[in-house]
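Asks:
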Amino acid sequence: MKNKSRELLEELRAVFAGRNSFLDAILPPILFLLINGLAGFQAAMWSALILSGVIAAVRIFRKQSLIYALAGVGSVAIAIGIAWFLGKSEGFFLPGLISGSMTLLLAILSLLIRRPMVAWTSFIARRWTLDWYWHPQVRPAYSEVTFAWAIFFAARLLLQFSLFKNEDVNSLAVTNFITGWPATILLLVLSYLYGTWRLAQLQGPSVDEFNNNIPAPWQGQRRGF
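In the numbering used here, the protein residues as written are 3 to 227.
1) Just to confirm, are A150 and Y135 a CB contact at a threshold of 8 Å?
2) Which residue from F95, Y194, I84 and R129 puts its Cα closest to that of V147?
3) Identify the continuous alpha helix (DSSP H) that holds G102 and give its terminal residues.
4) Exposed or buried, F87, counting other C-beta atoms within 10 Å across all chains shown (16 or more means buried)?
5) DSSP three-state label for A85, please.
6) Do the CB positions of N178 and L35 come within less than 8 Å of each other?
7) Buried or exposed: N38, going by 16 or more other Cβ atoms within 10 Å of its Cβ?
8) Excluding sequence positions up to five away, which residues of its chain have a Cβ less than 8 Å from the Cβ of P219?
9) Going by beta carbon distance, what residues of the same chain come within less than 8 Å of R141, once the five residues before and after it are set aside?
10) Take the Cβ of A157 as the centre, count every other Cβ of all protein chains shown within 10 Å, and call the residue buried at 16 or more, exposed below.
11) Could you spell out the range, first to last residue, of the alpha helix (DSSP H) harbouring V60?
12) Between the alpha carbons of I84 and N213, how many angstroms are there, rounded?
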């Protein structure tokens, strides 16, 4: 149990505090939501844009990747532009609704074509051999986690759309915050725990065993998902 907790912390640290930190993309929108409720749209807009610029400057100074930093700048700028154009604060949440819809659609389509979305996200993050994910004793684990993600995305989208339709900005901001990074961290933890357990149950090859064409029985992938 202690080893599994340490393993989880290391995995989360790699995602949220590495050289290509996912936090670069999610901190500016979170700051906007917080400031908008406390000081209004103008203060929230400038706060989010300044934070995005600071994050990008730090990444440039450290000669690190700007992928997530630019994603944060872009998402905030687009959301603020739409809110400004519509003249309504709830317009800030429209890009999130659109991206949430696209994510849900991609998750469903990936399941239909038997190439689960979670496998692709793992491949992008870990660069494991892509064909390993499609092994018949590996793919079910990623399909099942993708299905769970699709349920989460659908539930969140329905709730957000209902609040957006009713122009309930405060509730929408709170909902976006709770279903944002806190829910994302919980989803990642549960996905990792279930995924690693399921891989063990499936008794498929590890990445190294697959790459080296080692015949069964396999030890399986003992860490990482």
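Think of the CB as a built atom: it goes at the ideal place given N, C-alpha and C, for glycine as much as any other residue.
Replies: Walking through what the data contain:
1) As a position in the sequence shown, residue 150 is number 148, starting the count at 1. As a position in the sequence shown, residue 135 is number 133, starting the count at 1. The answer is no: Cβ separation not under 8 Å.
2) One-based indexing of the sequence shown puts residue 147 at position 145. When each option's Cα is compared against that of V147, the closest is Y194.
3) Here residue 102 refers to the residue found at position 100 when the sequence shown is read from its first residue. Taken as a continuous stretch (DSSP letters only), the alpha helix (DSSP H) holding G102 covers L96 to L114.
4) For the purposes of this step, residue 87 is identified with residue 85 of the sequence shown, where counting begins at 1. Under this definition F87 is an exposed residue.
5) For the purposes of this step, residue 85 is identified with residue 83 of the sequence shown, where counting begins at 1. Here A85 sits in helix by DSSP.
6) In the sequence shown, residue 178 corresponds to position 176, counting from 1. In the sequence shown, residue 35 corresponds to position 33, counting from 1. Yes, they are a contact pair.
7) Within the sequence shown, numbered from 1, the residue matching residue 38 stands at position 36. It counts as buried.
8) One-based indexing of the sequence shown puts residue 219 at position 217. Answer for P219: Q205, listed in chain order.
9) For the purposes of this step, residue 141 is identified with residue 139 of the sequence shown, where counting begins at 1. R116, P118, A121 and Y135.
10) Here residue 157 is taken as the residue at index 155 of the sequence shown, counted from 1. Classification for A157: exposed.
11) Indexing the sequence shown from 1 puts residue 60 at position 58. Segment F43 to F63, the alpha helix (DSSP H) holding V60.
12) The count along the sequence shown starts at 1 and reaches residue 84 at position 82. The count along the sequence shown starts at 1 and reaches residue 213 at position 211. Cα-Cα distance, rounded: 48 Å.
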